[in-house]
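Asker: The C-terminal residue of the sequence shown carries number 189 in my numbering, and the numbering is unbroken. Where a beta carbon is used, it is the ideal one built from N, C-alpha and C, also for glycine. Since this is a predicted model, take the numbers as computed values, not measurements.
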Amino acid sequence: MAEARASEVLLLMGPPGAGKGTQADHLAQARGLMKLSTGDMLRSHVRRGTDLGAKAQAIMAAGDLVPDDLIVAMVRETLAAQDVVAVVLDGFPRTPVQAAALDTLLAERETGITAAIALEVAEDELVQRLLQRAAEQDRSDDNETTIRTRMQVYQQMTQPLLDYYRQRGKLHYVEGLGSVDDVFARLQKVLA
Ligand code: ADP
């Protein structure tokens, strides 16, 4: 019988505009992982006009966080589809409640977090990138007011989670400035 593949759970953390989505795509491709982006999933719900989309739309447009129970249910359902959990998480967990729920979910699947990576980018660069993306992609939450809210929400709710993973010996910092390939090379080095 073929040996079952090993479980791998990577968390990409960092402020809005740090490049989590792009690097998550590359990691998923290179390491054979499913990319699970809660932001992408929510935007898909909004586009499809689901109940969840209806609940999330105004919250996202304001730059606030969608309630934890809705997010956790979405993640749980997605992970349940994998025989062996092999995933890169982009934009989740974002709150202490979500982090605790993830630990429980993974324990139920007899696995745990492989590594959490914090992408570091200076704040003025982040704002530049988000405004640029606003011009290119027409994302309704990429305007200056919402960007400021998302930065604050990140600092208050999500940044403290870095300590949670540091204390567990899972946290790695990666410099997020430079080309996509440069950043990806740093990520792979940290995970080697
Ligand atoms: P960014 O990190 O660039 O702000 P995302 O695509 O990750 O973009 O998230 C966009 C929005 O979707 C967030 O501002 C928030 O409203 C919602 N969202 C995404 N992930 C979560 C989550 N884990 N918990 C709560 N809300 C979320």
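Are residue 82 and residue 47 touching if we call contact CB-CB under 8 Å?
Answerer: Indexing the sequence shown from 1 puts residue 82 at position 85. Indexing the sequence shown from 1 puts residue 47 at position 50. Contact: no.
Asker: For the putative contact between residue 123 and residue 14, defined by C-beta atoms under 8 Å, what is the C-beta separation to the nearest angstrom?
Answerer: The residue you call residue 123 lines up with position 126 of the sequence shown. The residue you call residue 14 lines up with position 17 of the sequence shown. Yes, they are in contact, since the Cβ atoms of residue 123 and residue 14 sit about 4 Å apart, within 8 Å.
Asker: Identify the continuous beta strand (DSSP E) that holds residue 87 and give its terminal residues.
Answerer: The residue you call residue 87 lines up with position 90 of the sequence shown. Unbroken beta strand (DSSP E) run through residue 87: 83 to 87.
Asker: Under three-state DSSP, which class holds residue 110?
Answerer: Counting from 1 along the sequence shown, the entry for residue 110 is found at position 113. Coil.
Asker: Please tell me whether, using a cut-off of 7 Å, the distance from the CB of residue 138 to the nearest non-hydrogen atom of ligand 1 is below it.
Answerer: For this step, residue 138 is matched to residue 141 along the sequence shown. Yes; taking the cut-off as 7 Å, the Cβ of residue 138 has a heavy atom of ligand 1 nearer than that.
Asker: Residues bridged to residue 169 by DSSP?
Answerer: By one-based count along the sequence shown, residue 169 stands at place 172. According to DSSP, residue 169 bridges with 114.
Asker: Taking the alpha carbon of residue 75 as the reference point, which residue from 116, 164, 62 and 89 has its own alpha carbon closest?
Answerer: Mapped onto the sequence shown, residue 75 falls at position 78. Closest by alpha carbon: 89.
Asker: At 4 residues or longer, what runs of the alpha helix (DSSP H) sit wholly inside the segment 5 to 91?
Answerer: Listed in chain order, they are 17 to 28, 35 to 45, 48 to 59 and 65 to 77.
Asker: Considering Cα atoms alone, identify which of 176, 121 and 137 is closest to residue 59.
Answerer: Position 62 of the sequence shown, counting from 1, holds the residue named residue 59. Checking every option, the nearest Cα to that of residue 59 belongs to 137.
Asker: According to DSSP, simplified to helix, strand and coil, what is residue 189?
Answerer: Translated into positions along the sequence shown, residue 189 becomes position 192. Correct three-state label for residue 189: coil.
Asker: Measuring only from the beta carbon, is residue 73 closer than 7 Å to any heavy atom that is part of ligand 1?
Answerer: The count along the sequence shown starts at 1 and reaches residue 73 at position 76. False, no ligand heavy atom lies under 7 Å from that Cβ.
Asker: So, for residue 18: in the same chain, excluding its five sequence neighbours on each side, which residues have a beta-carbon less than 7 Å away from its beta-carbon?
Answerer: Counting from 1 along the sequence shown, the entry for residue 18 is found at position 21. Here the set comprises 34 and 87.
Asker: For residue 192, is the classification buried or exposed, using 16 other Cβ atoms within 10 angstroms of its Cβ as the cut-off for buried?
Answerer: Nothing about residue 192 can be reported from this structure: the residues present for the chain run from -2 to 189 only.
Asker: For ligand 1, is there any heavy atom lying closer than 7 Å to the beta carbon of residue 19?
Answerer: Position 22 of the sequence shown holds residue 19. No; taking the cut-off as 7 Å, the Cβ of residue 19 has no heavy atom of ligand 1 nearer than that.
Asker: Any idea what DSSP makes of residue 156, helix, strand or coil?
Answerer: Taking the first residue of the sequence shown as 1, we reach residue 156 at position 159. In this structure, residue 156 counts as coil in the three-state DSSP scheme.
Asker: Would you mind working out which of 45, 106, 181 and 93 sits nearest residue 160, comparing C-alpha positions?
Answerer: Here residue 160 refers to the residue found at position 163 when the sequence shown is read from its first residue. For the residues 45, 106, 181 and 93, the minimum Cα distance to residue 160 belongs to 93.
Asker: In the DSSP assignment, the alpha helix (DSSP H) including residue 127 goes from what residue to what residue?
Answerer: Taking the first residue of the sequence shown as 1, we reach residue 127 at position 130. Residue 127 -> alpha helix (DSSP H) spans 120 to 134.
Asker: Please confirm whether residue 10 and residue 38 have their CB atoms less than 8 Å apart.
Answerer: Residue numbering aside, residue 10 sits at position 13 when the sequence shown is read from its first letter. Residue numbering aside, residue 38 sits at position 41 when the sequence shown is read from its first letter. No, they are not a contact pair.
Asker: Please return the same chain residues whose Cβ sits closer than 7 Å to the Cβ of residue 172, not counting the five positions on each side in sequence.
Answerer: In the sequence shown, the residue the question calls residue 172 occupies position 175. For residue 172, where only same-chain residues beyond five positions count, the Cβ hits under 7 Å are 117 and 183.
Asker: Sorted by chain position, which residues of the same chain lie with C-beta nearer than 7 Å to residue 79's C-beta, five sequence neighbours on each side aside?
Answerer: Within the sequence shown, the letter at position 82 stands for residue 79. Excluding residues within five positions, the ones whose Cβ falls inside 7 Å are 31.
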